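As structure tokens, the structure follows; a few thoughts come after it.
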């Protein structure tokens, strides 16, 4: 599983950072970046929550099959 950020939608609310700071962080422009290429299995539930709770719907998940 991979997470992606639409930087045009991101408003730096950092809800995702609060939920999964090991996966998401704010960069120098105060926009969210994903810090890992693949989401570890044991973090998938928190990342799903972060995506669902993003107030601007700026996060998406891509399931690799």
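Numbering (this note's numbering), first residue to last: 5 to 69.
All C-beta atoms in this analysis are idealised placements derived from N, C-alpha and C, irrespective of residue type, glycine included.
Owing to the predicted nature of the structure, the values given are computational and were not obtained by experimental measurement.
**Message:** Taking the beta carbon of residue 63 as the centre, do at least 16 other beta carbons fall within 10 Å, making it buried, or is it exposed?
**Reply:** buried
**Message:** Buried or exposed, going by whether 16 or more other CB atoms sit within 10 Å of the CB of residue 61?
**Reply:** exposed
**Prompt:** In three-state terms, what does DSSP make of residue 62?
**Reply:** coil
**Item:** Reduced DSSP secondary structure (H/G/I, E/B, other) of residue 11
**Value:** coil
**Request:** Note down, in chain order, each residue of its chain lying with its Cβ closer than 6 angstroms to the Cβ of residue 6, except the 5 sequence neighbours on either side.
**Result:** 66
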